[in-house]
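For what it's worth, the working numbering labels the leading residue of the sequence shown as 681, then goes sequentially.
Report on the structure given below.
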Amino acid sequence: MLDIWSLARQQYLEECEKRTVRQQDAINSYINLIGSDLQTSDTRLIICGSRNCGKTSMIFRFLNRNEDTKPTIALEYTYGRRNRGKMKDVGNIWELGGGTNLCNLLQIPLSSNYIHQCSLIIVIDLTAPFDMWNTFYTLLDNARIIIDNEMQQSVKKSSDSYKDMEYIDPLPIPLILLGAKYDKFQMFSNKMENLISKTRVLISSVVFGTTASKTICTDHNKPLSVPCGADSLMDIGAPPFINSSLSLIGATNPRDLWYEAYLEHFPNKEKHNEREDNPAEDGQHKEPEIDELIEQRTRELEQYIRHKKDRAALEGRSERILRQNEVFRNL
681 MLDIWSLARQ QYLEECEKRT VRQQDAINSY INLIGSDLQT SDTRLIICGS RNCGKTSMIF
741 RFLNRNEDTK PTIALEYTYG RRNRGKMKDV GNIWELGGGT NLCNLLQIPL SSNYIHQCSL
801 IIVIDLTAPF DMWNTFYTLL DNARIIIDNE MQQSVKKSSD SYKDMEYIDP LPIPLILLGA
861 KYDKFQMFSN KMENLISKTR VLISSVVFGT TASKTICTDH NKPLSVPCGA DSLMDIGAPP
921 FINSSLSLIG ATNPRDLWYE AYLEHFPNKE KHNEREDNPA EDGQHKEPEI DELIEQRTRE
981 LEQYIRHKKD RAALEGRSER ILRQNEVFRN L
């Protein structure tokens, strides 16, 4: 038999339990109401492309950093934050230097654990039209191989309903193509600050999920702006071939057709022997022990080359002497 104190205690516990349930229901209703606003965002942006195109400057402008830029040696990392109430969104930004020489480093940010959080920006140099195709597709194809290896079972995308799906092979992650050095074309009318602002909005949309510009511009006399899914093969039209007798037997898809047309306008140039800047010679990156070892190995290599040349010359003289002696014996 329960006494009055036990009954009071039991009633109090029941009321506390009911109050806790009501509070939890209220919290759940609030969470359902605001949805993802309470969820933090953690994204990855990989920026790569042509050398000396202002990729680092673009990142610093987006992060509002007034710092002197330095050439990117290999793969560099930075990040940005955005406060959203009590939550913080984090954008991890990776920059690949060296043009197309270090494509294999893309596998570092494009790891399987974060592949669905990644976006890719490829920057091409508009003042070097002969190299644009090679730069873009070398980086794109390497990124695609890495992504396909990381995503053994690709999730079916909602873009399957896109009208040109049977002719294209979309990248599983967001891809942005940026043309750099547009300011070098002085004959065109442009507002550089407006272009910079648009670039910041574009980067913010992939890093923090903000609203991207939906403006479409296909006038070749102005900076082109074509959002994802806003164009079609019909709108683009057929490739502009100059040589009507061009053989296109080997062209099996739109990419091959456009490549043939591209080569007509911008034939592949032979690689000229231009000496690229060597970061190892930069005084800001001195490492006495490593520099001494490199110098030693360089001397050994030069000595080996000289020894090999001297030996080849000696063998050549010996062979000539043997041939002369053989001629004299036959006389």
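The C-beta atom is built at its ideal place from N, Cα and C for all residues, glycine as well.
The C-beta of residue 992 has fewer than 16 other C-beta atoms within 10 Å across all chains shown, which makes the residue exposed. Across the structure, residue 907 and residue 892 are spaced so that their CA atoms are roughly 9 Å apart. A residue is called buried when at least 16 other Cβ atoms come within 10 angstroms of its Cβ; residue 822 meets this threshold and is buried.
If you check the CB distance, residue 727 and residue 775 come in under 7 Å. For residue 933, the three-state secondary structure derived from DSSP is coil.
Within the DSSP secondary-structure output, residue 775 pairs in a beta bridge with 727 and 756.
Rounded to the nearest angstrom, the Cβ distance from residue 826 to residue 786 is 6 Å, consistent with a contact under 8 Å.
Measuring C-alpha to C-alpha distances from residue 934 to each of 947, 721 and 913 identifies 913 as the nearest. By the CB criterion at 7 Å, residue 860 and residue 803 fall inside the cutoff. The beta carbons of residue 887 and residue 760 sit about 7 Å from each other, so the pair counts as a contact at 8 Å.
For residue 860, the enclosing beta strand (DSSP E) stretches over residues 855-860. Residue 886 sits in a helix when the DSSP states are folded into three classes. When the beta-carbon positions are compared, residue 875 and residue 800 stay at least 7 Å from each other. Listed as beta-bridge partners of residue 762 by DSSP are 769.
In the DSSP secondary-structure assignment, residue 801 is bridged to 727 and 856. Judged by DSSP in its simplified three-state form, residue 733 adopts coil rather than helix or strand. Taking C-beta separations shorter than 6 Å and ignoring five residues to either side along the sequence, the partners of residue 890 in its chain run 884, following chain order. When the Cα atoms are used, residue 790 and residue 729 turn out to be separated by approximately 16 Å. It is roughly 12 Å from the alpha-carbon of residue 749 to the alpha-carbon of residue 756. Selection 918, 881, 807 and 917 evaluated against residue 905 yields 881 as nearest (Cα-Cα). Boundaries of the alpha helix (DSSP H) harbouring residue 824: 809-830, taken from the DSSP string. Comparing C-alpha distances from residue 737 to each of 721, 758 and 994 shows the shortest one belongs to 758. Around the beta carbon of residue 897, fewer than 16 other beta carbons sit within 10 angstroms, so the residue counts as exposed. Only residues of its own chain outside the window of five on either side were considered, and among them 722, 723 and 724 have a CB closer than 8 Å to the CB of residue 797, listed in chain order.
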